[in-house]
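Peer 1: End of the sequence shown = 285 in the UniProt record's numbering, gap-free, step of one.
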Amino acid sequence: GLLKDPGSDTWVTVLSSLDCKCSFEPQAIPCSITWRRNMPSTLSTPDGPTVKTEEEKEVLVLVEPEDFLKRLFSLTQPDLNQVLPLAGLEGSSTKTYSLAVVGLDAYRRYVPGERRCRGGSWRAEISALVVLQLWGNIEVLFLDTWQEFGQHVSVLTKAIAKRPYKRQLESQELPFCAAGAWASGVRVEKDGTGLWQVWKRQIQQFNRVSPATAAAIAEAYPSPSLLLQAYEECSTEDEKRLLLSDIPVKSDVGEKDRRVGPDLSRRIYLFMVSTDPDLVLDLSA
């Protein structure tokens, strides 16, 4: 089985480093690896909640190079049982199978006439692999060493272990958004209500722009189109750059009155009219 090859202790060492329990038991498919998960049961006992064991859908089958070529070249039609003995297995239709072949290239080098005596060819091999991968949805992995096999089992085990956590994240609505009014966005009604808030928040995305400054600009020019129209009415380039600089910004009680200023006025102007995608707006950044 999985332990008969002299180099198999390498992948067992990799497996033992994982934070999981492993055992070697008879399987319905010889030389295969399956995974089980302990899940809390809905039934409870006087001693506390019980745990039930569920088998995962993944099945990894290790196939010897000689056996793999022998079965593969006999696959002249979509009959997967010639490569993988699935017939009669309970629940086989719900499983996801993959094959791992360790040392195929080395086997071909040391037994050069083996592939020819089977009557195979590269074209026949590729055709058979297409049947496996596309028609049977069976992935075939060609690995050079037992170390690579152990690493693949390790990666697959970790992915299976994290599956419930990923499903929980995917079930949440926009889990990448932080909570709060900003994350919720602005609702825009059919009559245009909310567009002013969207415009104000777009202005606030510039560096070093406070909500009060963004509100002052949005109040002076309630939409991007009105701002562009104002730029067109300016007679010189400098007038356009400084158009927003003298807009007063409402300050909190006790604070000195201030204005938008020439720097932000210039940045917004360039953002609105420039067609250069590489233009740096904030020279102090």
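Glycine residues also receive a C-beta, built at the ideal position from the N, C-alpha and C atoms.
Bear in mind the structure is a predicted one, so any value in this text is a computation, not a measurement.
#1: Go through its chain and collect everything with a Cβ distance to Leu99's Cβ below 6 Å, but skip five positions before and after it.
#2: Can the beta-carbon of Val131 be found less than 9 Å from the beta-carbon of Thr96?
#3: Tell me whether Glu189 sits in a helix, a strand or coil according to DSSP, three-state version.
#4: Helix or strand or just coil, what does DSSP make of Glu54?
#5: Put Ile33 into one of helix, strand or coil per three-state DSSP.
#6: Identify whether Pro248 lies in helix, strand or coil by the three-state DSSP scheme.
#7: Answer yes or no: does any C-beta atom of chain B fall closer than 9 Å to that of Ala230?
#8: Should Tyr110 go down as buried or exposed, given a rule of 16 or more other Cβ atoms within 10 Å for buried?
#9: Could you check if Leu279 is buried or exposed, using at least 16 other CB atoms within 10 Å of its CB as the buried criterion?
#10: In the DSSP assignment, what are the bridge partners of Thr262?
#11: Closer than 8 Å by C-beta to Gly150: which residues in its own chain qualify, once you throw out the five before and the five after it? Chain order, please.
#12: Using the DSSP secondary-structure output, state which residues sit across from Tyr97 in a beta bridge.
#13: Taking all protein chains shown into account, do 16 or more other C-beta atoms lie within 10 angstroms of the C-beta of Lys166, making it buried, or fewer, making it exposed?
#14: Can you give me the C-alpha to C-alpha distance between residue 287 and Lys21, rounded to a whole angstrom?
#15: Please state whether DSSP places Val209 in a helix, a strand or coil.
#16: To the nearest angstrom, how far is it from the Cα of Ser265 to the Cα of Ile217?
#17: Could you give the residue range of the beta strand (DSSP E) that holds Phe142?
#18: Taking only the alpha-carbon atoms, compute the straight-line gap between Leu156 and Lys52 and give it to the nearest angstrom.
#19: Looking at the secondary structure, which residues open and close the alpha helix (DSSP H) in which Pro224 lies?
#20: Compute the Euclidean distance between the alpha carbons of Thr236 and Ile247, then round it to the nearest angstrom.
#21: Is the Cβ-Cβ distance between Val209 and Lys240 less than 9 Å?
#22: Any idea which residues DSSP pairs Pro40 with across the strands?
#23: Cβ of Glu25 within 9 Å of Cβ of Arg37?
#24: Using the Cβ count rule (16 or more neighbours within 10 Å means buried), how would you classify Val102?
#25: Quick check on Thr50: buried or exposed, where buried means 16 or more other Cβ atoms within 10 Å of its Cβ?
#26: For the alpha helix (DSSP H) containing Leu132, list its first residue and its last residue.
#27: Would you report the Cα separation of Arg259 and Asp191, rounded to the nearest angstrom?
#28: If you drop the 5 nearest sequence neighbours on each side, which residues of the same chain put their C-beta closer than 8 Å to that of Pro262?
#29: By the 10 Å Cβ neighbour count, where 16 or more other Cβ atoms means buried, how is Lys200 classified, buried or exposed?
#30: Just to confirm the assignment, what range does the alpha helix (DSSP H) spanning Tyr107 have?
#31: Look up Asp9 in the DSSP assignment and say whether it is helix, strand or coil.
Peer 2: For this structure:
#1: Locating residue 99 in the sequence shown gives position 99, counting from the first residue. Once the five neighbours on either side are set aside, the close Cβ partners of Leu99 are Val61, Val63 and Val140.
#2: Taking the first residue of the sequence shown as position 1, residue 131 is located at position 131. Taking the first residue of the sequence shown as position 1, residue 96 is located at position 96. Result no, Cβ atoms of Val131 and Thr96 do not sit closer than 9 Å.
#3: As a first step, residue 189 must be located in the sequence shown, where it is residue number 189. Glu189: coil per DSSP, three-state reduction.
#4: On the sequence shown, position 54 is the one that residue 54 refers to. Reduced to three states, the DSSP call for Glu54 is strand.
#5: One-based indexing of the sequence shown puts residue 33 at position 33. Of the three classes helix, strand and coil, the one that applies to Ile33 here is strand, per DSSP.
#6: For the purposes of this step, residue 248 is identified with residue 248 of the sequence shown, where counting begins at 1. Three-state DSSP puts Pro248 in a strand.
#7: Checking the listed chains, one finds no chain B in this structure; it contains a single protein chain.
#8: Residue mapping note: residue 110 aligns to position 110 of the sequence shown, counting from 1. Exposed: under 16 other Cβ atoms inside 10 Å.
#9: Within the sequence shown, numbered from 1, the residue matching residue 279 stands at position 279. The residue in question, Leu279, is exposed, as its Cβ has fewer than 16 Cβ neighbours within 10 Å.
#10: Position 262 of the sequence shown, counted from the start, is the residue given in the question as residue 262. The question names Thr, yet the displayed sequence has Pro at residue 262. DSSP output for Pro262 lists no bridge partner at all.
#11: The residue you call residue 150 lines up with position 150 of the sequence shown. Excluding residues within five positions, the ones whose Cβ falls inside 8 Å are Thr10, Trp11, Val12, Thr13, Val14 and Leu15.
#12: Your numbering for residue 97 matches position 97 in the sequence shown. For Tyr97, which the question treats as bridged, DSSP gives the partners Val59.
#13: Sequence index remark: in the sequence shown, residue 166 carries index 166 (1-based). When all chains shown are included, Lys166 counts as exposed.
#14: Coverage of the chain is limited to positions 1 through 285, which leaves residue 287 absent and any answer about it impossible.
#15: Here residue 209 refers to the residue found at position 209 when the sequence shown is read from its first residue. Note: Val209 maps to coil in three-state DSSP.
#16: For this step, residue 265 is matched to residue 265 along the sequence shown. For this step, residue 217 is matched to residue 217 along the sequence shown. So the alpha carbons of these two residues sit roughly 10 Å apart.
#17: Indexing the sequence shown from 1 puts residue 142 at position 142. From DSSP, the beta strand (DSSP E) with Phe142 extends over Glu139 to Leu143.
#18: As a working note, residue 156 is residue 156 in the sequence shown. As a working note, residue 52 is residue 52 in the sequence shown. Distance between the alpha carbons of Leu156 and Lys52: 22 Å.
#19: Against the sequence shown, residue 224 aligns to sequence position 224. Pro224 to Glu233 is the extent of the alpha helix (DSSP H) around Pro224.
#20: Along the sequence shown, read from residue 1 onward, the residue named residue 236 stands at position 236. Along the sequence shown, read from residue 1 onward, the residue named residue 247 stands at position 247. If I take the Cα positions, the gap works out to 19 Å.
#21: Position 209 of the sequence shown holds residue 209. Position 240 of the sequence shown holds residue 240. The answer is no: Cβ separation not under 9 Å.
#22: To locate residue 40, count along the sequence shown from 1; it is residue 40. BP columns for Pro40 point to Val51.
#23: Within the sequence shown, residue 25 is the residue found at index 25, counting from 1. Within the sequence shown, residue 37 is the residue found at index 37, counting from 1. No, the Cβ-Cβ distance between Glu25 and Arg37 is not below 9 Å.
#24: Working through the sequence shown from its first residue, we reach residue 102 at position 102. Per the 10 Å Cβ criterion, buried.
#25: Indexing the sequence shown from 1 puts residue 50 at position 50. Result: exposed.
#26: Mapped onto the sequence shown, residue 132 falls at position 132. No alpha helix (DSSP H) holds Leu132; DSSP gives it neither H nor E.
#27: Translated into the one-based positions of the sequence shown, residue 259 becomes position 259. Translated into the one-based positions of the sequence shown, residue 191 becomes position 191. C-alpha separation (whole angstroms): 32 Å.
#28: Locating residue 262 in the sequence shown gives position 262, where the first residue counts as 1. So the list reads Arg241, Leu242 and Ser245, once near-sequence residues are dropped.
#29: Within the sequence shown, the letter at position 200 stands for residue 200. Buried.
#30: Within the sequence shown, the letter at position 107 stands for residue 107. Looking at the DSSP string, the run of the alpha helix (DSSP H) that includes Tyr107 is Leu104 to Tyr110.
#31: Locating residue 9 in the sequence shown gives position 9, counting from the first residue. In the structure shown, Asp9 sits in a helix (DSSP, three-state: H, G or I).
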